[in-house]
Amino acid sequence: MIILVIQVSWYRMAFYILRRLLNAVLVIWAAFTISFLLLYLLPSDPVSLMLSSDTGGGGSAVATSEQYAMLASRYGLDRPPLEQYGYLLAKAAAGDLGMSMQSGKTVITQIGEALPETLKLAALSLAIALVIGSTLALVASYRQDGYLRAILLALPPISMAVPTFWIGLVLLQIFAFELRLVPSLGNRGFSSLIMPALTLAIPAAATIAQTLSKGLDDAASQPFVRMLRAKGVPRRTIYLRHILHNASIPALTVVGLLVGNIFAGAVVTETVFSRVGIGRLLQNAVDVQDIPLVQGLVVLTAAAYAIVNLLVDLIYPLIDPRIRRGVGAGGDAA
Amino acid sequence: MTNITEPHVAPADHITGRPRPDAGSTPFVRRFPILQNLRLGLAIAIVILVVSWAFFPSFFTSTDPFAGDVLTRLKPPSASHWFGTDNLGRDLYARVIYGTSLSLKATVIALALAFVASSIIGVAAGYLGGIVDEIIMRVMDVLLAIPNLLISLMLISAIGFGTINIAIAVGIASIASFARVMRAEVLRVSTSHYVEAARSYGAGWFGICLRHVFPHARGPVSALVAIEFGSAILSISALSFLGYGAVPPTPEWGNLVAEGRNYLATAWWLTSIPGLVIILTVLAVNAIGRQLNRSPEASR
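Chain order of the listed sequences is A and B. To convert, take the position in the first sequence, counting from 1, and add 1; that gives this note's numbering. To convert, take the position in the second sequence, counting from 1, and add 159; that gives this note's numbering.
Here you go:
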């Protein structure tokens, strides 16, 4: 496959990759800028928050103005906004997202500690979502008419109406407390990963199922399918080799978009299951209004989103020869 | 020149990370036409009930949602306590009913804010065009790239906790998707003959926007508001569940579930029933939103 792409014209491909790469960097930069605007310029006062949280919420200790000035200068909060922004951006570009106000560790260290757990969770839930979602769509679409199809296609919209935290709590209740099959809380190996992953996977699976089943139906109504049937190709072959291939492109786009949602969903899921991870870290950071940590986590999520979508963009030409050929022409026009 | 998230814009427009609830529920109902009316009737009934809970809570229950009774702690649902009682012996049915008004108020504030702000942004971008349009839409693209929940959480950590604050956060987080639709409609309407006519007799741009462009462009955005009502309820209950909304003992749908979380092993009703109320409300609102989107009046 890859050799085929290179054959098309390597410089067009290089240009396409470069453009996508630039795009990813832009998204991350823009997320940084927007989070700066929201977190640092809104009428909140991070320094006094920090001082009040240092005393453990006792409230008795009143900070002196020297303390205030010292903290403000340590975090660069005493400078004019534009200068603050430039300072923070330069630091972030060098890989330093600042110090967490609450724990005193660097934001990068804290993220590094929590990230592996969330990555495991996200990977497993994406895998489950892909299996459930595409099975549902394939079965529903293969059975062109029937009760099964009707029922299967009614499932995704219903599951969209269910709050994620509720799915998690009900799963906990049934499998941890009633049946006692899995541990209820915490990070205790694979068995404690299953339920949080399933919780995150259900809404994602619904999204995949909806997009894929629409894609399958669209592809199935195209003229080439009639042509293949006229040639006597068995229906199952048409489905698995031709229709699925065509329908996989919109589904792939959706998978790229879902990654951001899975990271966001981790906030709720990790809280429900009391797991260590990025989401829990963010929930705590918002709780104590730890501004640098919140910003670091938002930039991280945007980076994850940008990287996955970059990968998706790079996979497109492998799947779709039309994009492969149009890479150069389409790129110049935009 | 380079579009940020350019290849994702089209799908994000339709899907906004989560597909619109109108995407695929019809086949089941299409097979049984009678279900169509039955479902819509049921949906309207549920919405009327929930709205009445919000406005006249005392009409539905005479129990005080804050008054506990140690003798009736953690009792399962029964004839005297329809939804059971919590760890302090408070009646869950009363608490759900009294929590409705805050949850619905937050939803309405969020959507109103999103509608007004996105209308202004969308009209400005679509009607003024040029560099203004370019800048506004690039910013909206980036907002679409950050999941709504994260935008809400950022805002909450900046402006603080409380029901009104989570409503504002959810509202601002959904501006981007609304503004895109508004801008597209404004672009369509701006090229029409009546706008040109108004321009030719010398009407000011503000007057044209207010009198001609906005009234004709707002239809699809209003329809989107109906569709987004359900997901706004979900976002607000999630933030309330995380503890950023009303402070207990004030009931709210989301924090009722959160309170019940500690009694998961012993009292299933404390989490399940408020959750079911949220689900039924969202399903009902989605069904009505879909119907509004389908009927021809909505697109005008």
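Even for Gly, the Cβ is constructed at its ideal location relative to N, Cα and C.
Who are the neighbours of Phe166/A on chain B, taking C-beta pairs under 7 Å?
-> What Phe166/A touches in chain B: Ala397, Phe400 and Val416.
Simplified DSSP assignment, three categories, for Asp228/B | Of the three classes helix, strand and coil, the one that applies to Asp228/B here is coil, per DSSP.
Please work out which residues of its chain come closer than 6 Å, Cβ to Cβ, to Leu263/B, disregarding the five sequence neighbours upstream and downstream, and give them in chain order.
-> Excluding positions up to five away in sequence, the list reads Ala213.
With 8 Å set as the bound, which would you pick, yes or no: does the beta-carbon of Ser104/A sit closer than that to a beta-carbon of chain B?
-> Chain B, which has no Cβ nearer than 8 Å to the Cβ of Ser104/A, makes this no.
Measure the beta-carbon distance from Leu40/A to Ser316/B and round it to whole angstroms, keeping in mind my assumption that it falls under 8 Å.
-> Taking C-beta atoms under 8 Å as the contact rule, Leu40/A and Ser316/B qualify, at a distance of about 7 Å.
Between Val313/A, Val277/A and Thr208/A, which lies nearest to Gly190/A when the distance is taken from Cα to Cα?
-> Selected option, being the one with the closest Cα: Val277/A.
Identify, in the order they occur along the chain, each residue of the same chain with its Cβ nearer than 7 Å to the Cβ of Tyr252/B, setting aside the five sequence neighbours on each side.
-> When the five nearest sequence neighbours on each side are left out, the beta carbons in the same chain lying within less than 7 Å of the beta carbon of Tyr252/B are those of Thr220, His240, Trp241 and Phe242, in order along the chain.
What separation, rounded to the nearest whole angstrom, lies between the Cα atoms of Ala304/A and Val28/A?
-> Near 8 Å, if we compare the C-alpha coordinates of Val28/A and Ala304/A.
Tell me whether Thr244/B sits in a helix, a strand or coil according to DSSP, three-state version.
-> Thr244/B: strand per DSSP, three-state reduction.
Buried or exposed (CB count within 10 angstroms, at least 16 for buried), Gly58/A | Low confidence applies to Gly58/A: its pLDDT is 41, below 50, so where it sits in the model is not reliable enough to give any reading.
Cβ-based contacts, 7 Å cut-off: residues of the stretch 26 to 39 of chain A near chain B | Those would be Leu27, Val28, Ala31, Ala32, Ile35, Ser36 and Leu39, in chain order.
Check whether the Cβ atoms of Ser101/A and Pro293/A sit closer than 8 Å, and answer yes or no.
-> Yes; because the gap between Cβ atoms is below 8 Å, this pair is in contact.
Counting only beta-carbon atoms, is Ala420/B nearer than 8 Å to chain A?
-> Here residue 420/B turns out to be Arg, not Ala, going by the sequence shown. For Arg420/B, at least one C-beta of chain A is nearer than 8 Å to its own C-beta.
Beta carbon of Ala128/A, beta carbon of Phe264/A: below 8 Å?
-> The Cβ atoms of Ala128/A and Phe264/A lie no closer than 8 Å to each other.
For the putative contact between Ala130/A and Ala73/A, defined by C-beta atoms under 8 Å, what is the C-beta separation to the nearest angstrom?
-> Not confirmed; about 45 Å, so no contact.
Chain A partners of Thr430/B, CB-CB under 8 Å?
-> For Thr430/B, the chain A residues whose Cβ falls inside 8 Å of its Cβ are Trp167, Leu170, Val171 and Gln174, in order along the chain.
Residues that Leu283/A contacts on chain B, provided the C-beta gap is smaller than 7 Å = Result: Leu312.
Determine the direct distance from the alpha carbon of Ser333/B to that of Ser359/B, and round the result to whole angstroms.
-> Cα to Cα, the separation comes out at about 36 Å.
Pairing CB atoms from the stretch 192 to 208 of chain B with CB atoms from the stretch 432 to 451 of chain B, are three or more of them under 8 Å?
-> A contact exists between the stretch 192 to 208 of chain B and the stretch 432 to 451 of chain B.
CB of Ala397/B within 8 Å of CB of Gly419/B, strictly | No, they are not a contact pair.
Starting from the beta carbon of Tyr306/A, find every residue of chain B whose beta carbon is closer than 7 Å, and list them in chain order.
-> Within 7 Å Cβ-Cβ: Ala304.
Can you say whether Arg342/B is buried or exposed, counting buried as having 16 or more other CB atoms within 10 angstroms of its CB?
-> By the neighbour-count criterion, in which a residue is buried when 16 or more other Cβ atoms sit within 10 angstroms of its Cβ, Arg342/B is buried.
Taking a cut of 9 Å between CB atoms, which residues from the stretch 174 to 193 of chain A lie near chain B?
-> Listed in sequence order: Gln174, Ala177, Phe178, Glu179 and Ser185.
So with Cβ pairs under 8 Å, would you call Val256/A a contact of chain B?
-> Answer no: the Cβ-Cβ gap between Val256/A and chain B never drops below 8 Å.
Along the stretch 429 to 449 of chain B, what residues have a CB closer than 8 Å to any CB found in chain A?
-> Listed by position, the residues of the stretch 429 to 449 of chain B near chain A (Cβ gap below 8 Å) are Thr430, Ser431, Gly434, Ile437, Ile438, Val441, Leu442 and Asn445.
Listing by chain order, which chain A residues have their CB less than 7 Å from the CB of Val301/B?
-> Within chain A, Val28, Ala31, Ala32 and Ile35 have C-beta atoms less than 7 Å from the C-beta of Val301/B, given in sequence order.
Where Thr107/A falls: helix, strand or coil (DSSP) = In the three-state reduction of the DSSP assignment, Thr107/A falls in the strand class.
Quick one: which chain A residues come within Cβ less than 9 Å of Gly389/B?
-> What Gly389/B touches in chain A: Met161 and Ala162.
To the nearest angstrom, report how far apart Ala155/A and Arg144/A are at their CA atoms.
-> Linking Ala155/A to Arg144/A through their CA atoms gives a straight-line distance of about 14 Å.
Simplified DSSP state of Met313/B, which is helix, strand or coil = In the three-state DSSP reduction, Met313/B falls in the helix class (H, G or I).
Return helix, strand or coil for Met102/A, following the three-state DSSP convention.
-> Three-state result, Met102/A: coil.
Proximity test, Cβ basis, 8 Å: Ser316/B and chain A = Proximity of Ser316/B to chain A, defined by a Cβ-Cβ separation below 8 Å, is satisfied.
Distance between Ala273/B and Leu383/B (C-alpha atoms, nearest Å) | When the Cα atoms are used, Leu383/B and Ala273/B turn out to be separated by approximately 11 Å.
Which whole-angstrom value describes the C-beta separation of Pro306/B and Asn262/A, a residue pair presumed to lie in contact below a C-beta threshold of 8 Å?
-> Sure, about 5 Å apart at Cβ, within 8 Å.
Would you mind telling me which residues of chain A sit closer than 7 Å to Trp241/B, beta carbon to beta carbon, in chain order?
-> Within 7 Å Cβ-Cβ: nothing; Trp241/B doesn't reach chain A, min ~19 Å.
Can at least three beta-carbon pairs, one atom from the stretch 243 to 255 of chain A and one from the stretch 211 to 227 of chain A, be found at a separation below 8 Å?
-> With the cut-off at 8 Å, the stretch 243 to 255 of chain A and the stretch 211 to 227 of chain A touch.
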